[in-house]
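One structure below.
2 protein chains.
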Amino acid sequence: MPVKPLKTLKAVADQAQVPLLTAYHALSADIPVDPAIRRAVLDAADVLRYRLNITIRDVGDQAGVSIATVSYVLNNSAPVSDNTRRRVIDAVEALGYRPNITARNLKASETRMIGYGWHNLQAGGQTNPILDRFIFQMIAAVETHHYHILTFSQDPDNPVRAYEELIYTNRVDGFILSETNQDDARIKRLLTLKYPFIAFGRANDTWNFPYVDVDGRRGMALVTEHLIERGHRRIALIGWPEGSLAGEARLNGYRDVLHTADIPLRPDWIRRTINDVHHAFEAARALMSAPSTERPTAIACVTDVIAIGVMNYLEAAGIQVGVDVAVTGYDDDPMSAFLHPALTSMHQPIDTLAPQLVNVLIGQLTLRNSDAAKKRPKVQLLVEPELIVRASSAAPHHE
Amino acid sequence: MPVKPLKTLKAVADQAQVPLLTAYHALSADIPVDPAIRRAVLDAADVLRYRLNITIRDVGDQAGVSIATVSYVLNNSAPVSDNTRRRVIDAVEALGYRPNITARNLKASETRMIGYGWHNLQAGGQTNPILDRFIFQMIAAVETHHYHILTFSQDPDNPVRAYEELIYTNRVDGFILSETNQDDARIKRLLTLKYPFIAFGRANDTWNFPYVDVDGRRGMALVTEHLIERGHRRIALIGWPEGSLAGEARLNGYRDVLHTADIPLRPDWIRRTINDVHHAFEAARALMSAPSTERPTAIACVTDVIAIGVMNYLEAAGIQVGVDVAVTGYDDDPMSAFLHPALTSMHQPIDTLAPQLVNVLIGQLTLRNSDAAKKRPKVQLLVEPELIVRASSAAPHHE
DNA sequence: CGTAGTCGCTTAAACGTTTAAGATTGTCTT
DNA sequence: AAGACAATCTTAAACGTTTAAGCGACTACG
């Protein structure tokens, strides 16, 4: 009876009347074979309109078992005798077989992909050094779980669209969000869609969703305490414009400590600026242009970039950083250790934080499949940054 | 005759004896329905072990046509009467149907994914501002073609492994490479595997592969010409350590112009340093510690970061940048416009370059499917950077 | 009036996996 | 000696698309 000729390597080998493995070698051109045989195989492939593509079926043919058995061996999902196991593994290696992820994903209805909305280039094109490190660690972390990151762009005017598109087309299993804000539309939408995600950063307190964040309030508190410990009582702060979550948290840390230390808050010593050297330069000028009794002796900055601007101004004005006036940054940009003087800064433990964040998300994903009854655990993790004291704030202050 | 009960929305609706659309509303919980009906539908779904997931079959059921017709309508791949077309589109909208990309990809044996090996964090953790902008533009560009970027990490000791893994598991259709080097193992492997890719940067001249690059030699030539035009003849250069392609290209541009202008090359005025502020500071110190007749009047730097270090030193040494000594950077970091003085730099046209690069790669991919006979076009594009003159080199020089 | 062609749709196979259910063999128990 | 059972393997369905091939019903043409 004429069996329907499948488009498999075996069909080609039969047609050319050679062993399956020979046909493979002839087609893959990796290993040289007799030219005549090669010709025969190529012709056979041509007739059958076959393009080399090793599937589980070819492995089965080579090992003399069904495709199910191959699958069981590869996934260890059913007992197989040592003998056949051996044959299957040999066939896999001889043919260089790798399972097709797309087919596997279709069957499992998952994608093993996690979406990450690329951060918008900041005003002035500044890149965020924290995010760069975060992405790097995040990619490495998901790969240990055999997931991959799909990076996509989000329209600043309508970030939600990109997320919906990826969800509806089943492109990703979940999301990692960064640069969250108070009433983040993305978080809101993902919550109503009940789609798995985790945020690097917090939002609205009334929403209950998994996140990992660095405690900015505590961080700036530590900075302020450090400055007080060094003898400063006239401490200014240069923060971001209003409306940023992280910005307000850091500002509150500053306020907390001043209050505890019974140092009155001076509104004119709280400046706000966008995150670039030039604006920071001007903010410092504004702070220091007061009569000398009205000037701060320490300036805590909300980022290292701002701190650089401040240091630039102080140097230009002949004020010695770390001696006359202390300056601190935040985020511990790699560059900061090499400034003159080296910049005191808060170090964020991204390297340990990113893997934790990924673990939570992937825990959610695997749980979702196995045990739909269990509600998703709302993991909310707040880690503490670490103060790195350097020369810019090292010297004790004396009135 | 008892038809095999498929796990479709229609099956659930029939079981609950409600219209398909009602069943959808009851299950999706988006639109409120009568509680009794909702209960009935939920029970029916429970019995049939059905989880809401709208497929092309549901659309067909709702529109009263076969799944093939739905596909034809959605892809415009066969003529369909206006009447049925209307019904299908209505059904799609009513059910919020989106095609499952994984299934489509399996059928088409493509992934619509492009792999991008994440750059290694540089020594000292410096990020490359050019790459950041490049990635951003690249992501946006592939999305206009309905592709996505899969970012993965590459082991510095064996970068090829990650590429092979992605190829063998059919994760991506092609690659975009950055940070190429002379004998790039990745390029070599991809060439022998005949896998589609394009590089942002060049390599070995003997290899013939598609790339897009910015002409660093021409760029540094422009910088040097600019300095000569401003009256300088004592021009130093601070470059990268040996072995970097881009570094040597830029160095050659400097050499070219000095040679043309009949200015003898002074080896002691060519310094090499890694890309950080601190080392650049020291390099500048070394250059300027010679007796004043042996000092350069202009320092061309191979990056903006190095230029910042140089400017830091000059300021610290009481030398006025842009007046006593000219300084130029390279790459036009967004920060550079805001330095004091603002830094002259070479601007790389990433915004136009990234889309071009993506076009070439995707051209290759689509061509591959339709017309395997045609050899891949070896597009090699070299674009010119643009000199942005600012205060750090603006003033004409007078001996 | 028969037949060829066109239009509009359906049927069914295919993409490459996973896995529930069934088949075959051999061993053990009574 | 025969049924029960375990071990090992195969069969076939399913995941959700795309698309070649087929099939009625009309229209047009000789």
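Going line by line, the protein sequences match chains Z and R.
Mapping of the first sequence onto numbering that gives the first Met the number 0: position 292 corresponds to residue 291, and the numbering continues sequentially without gaps.
Mapping of the second sequence onto numbering that gives the first Met the number 0: position 180 corresponds to residue 179, and the numbering continues sequentially without gaps.
Virtual Cβ for every residue (Gly too), placed ideally from N, Cα, C.
According to DSSP, residues forming a beta bridge with residue i
| i | result |
| --- | --- |
| Leu386(Z) | Met345(Z) |
| Asp212(R) | Leu381(R) |
| Trp117(Z) | Ser152(Z) |
| Gly238(R) | Arg271(R) |
| Ile175(R) | Tyr115(R) and Ile197(R) |
| Ala297(R) | Ile234(R) and Ala325(R) |
| His147(R) | Met112(R) |
| Val320(R) | Val324(R) |
Proximity test, Cβ basis, 8 Å: residue i and chain R
| i | result |
| --- | --- |
| Asp156(Z) | no |
| Trp239(Z) | no |
| Tyr167(Z) | yes |
| Leu176(Z) | no |
| Asp275(Z) | yes |
| Ser70(Z) | no |
| Leu105(Z) | yes |
| Gly124(Z) | Bear in mind that a pLDDT of 45 at Gly124(Z), under 50, signals an unreliable position, so the model cannot answer this. |
| Trp206(Z) | no |
| Leu338(Z) | yes |
| Ile88(Z) | no |
| Glu281(Z) | no |
| Arg48(Z) | no |
| Ser152(Z) | yes |
| Ala315(Z) | yes |
| Glu247(Z) | no |
Below-8 Å beta-carbon distance, residue i vs any chain Z residue
| i | result |
| --- | --- |
| Asp323(R) | no |
| Pro98(R) | yes |
| Leu149(R) | yes |
| Leu356(R) | no |
| Met287(R) | no |
| Ala372(R) | Confidence at Ala372(R) is low in this model, with a pLDDT of 42, below 50, so its placement is unreliable and the value that follows should be read with caution. Taking Cβ atoms only, chain Z never reaches closer than 8 Å to Ala372(R), which makes this a no. |
| Glu92(R) | no |
| Glu385(R) | no |
| His231(R) | no |
| Ile36(R) | no |
| Phe135(R) | yes |
| Met334(R) | yes |
| Thr101(R) | yes |
| Glu224(R) | no |
| Thr296(R) | no |
| Ala25(R) | no |
| Gly74(R) | The question names Gly, but residue 74(R) is Asn in the sequence shown. No, Asn74(R) does not count as interfacial toward chain Z. |
| Arg270(R) | no |
| Ile361(R) | no |
| Ile138(R) | yes |
Cut-off 7 Å between Cβ atoms - residues of its own chain near residue i, not counting five sequence neighbours on either side
| i | result |
| --- | --- |
| Arg201(R) | Thr179, Tyr210, Asp212 and Leu244 |
| Trp206(Z) | Ile186 and Leu190 |
| Tyr23(R) | Leu8 and Leu94 |
| Ile402(R) | Beyond the ends of chain R as shown, which are 0 and 398, falls residue 402(R); an answer cannot be given. |
Nonlocal neighbours in the same chain, by C-beta distance under 6 Å from residue i, ignoring five residues either side
| i | result |
| --- | --- |
| Gly173(R) | Ile113, Pro195, Phe196, Leu360 and Leu364 |
| Asn311(R) | Phe280 |
| His144(R) | Ile361 |
Neighbourhood of residue i by C-beta, 8 Å cutoff - its chain only, sequence neighbours within 5 removed
| i | result |
| --- | --- |
| Ser392(Z) | His225, Leu226, Arg229, Ala297, Gly321, Ala325, Val326, Thr327 and Thr343 |
| Pro65(R) | With the sequence shown as reference, residue 65(R) is identified as Ser, and Pro is not the correct amino acid for it. Excluding sequence neighbours, Ser65(R) sits near Gly59. |
| Ser70(Z) | Ile55 and Ser76 |
| Arg48(Z) | Lys6 |
| Ile318(R) | Met287 and Val324 |
Answer yes if the segment 277 to 288 of chain Z comes into contact with the segment 243 to 261 of chain Z, meaning at least three C-beta pairs across the two stretches below 8 Å, and no otherwise. no
Which residue spans inside the segment 48 to 90 of chain R form an unbroken alpha helix (DSSP H) run of at least 4? 55 to 62 and 66 to 74
Count the C-beta pairs between the segment 55 to 65 of chain Z and the segment 87 to 101 of chain Z that are closer than 8 Å, then say yes if the count reaches three, no if not. yes
State whether the segment 99 to 119 of chain Z contacts the segment 101 to 108 of chain R, with contact taken as three or more CB pairs (one from each stretch) at a distance under 8 Å. yes
Is the number of C-beta pairs between the segment 341 to 358 of chain Z and the segment 10 to 28 of chain R that are closer than 8 Å three or more? no
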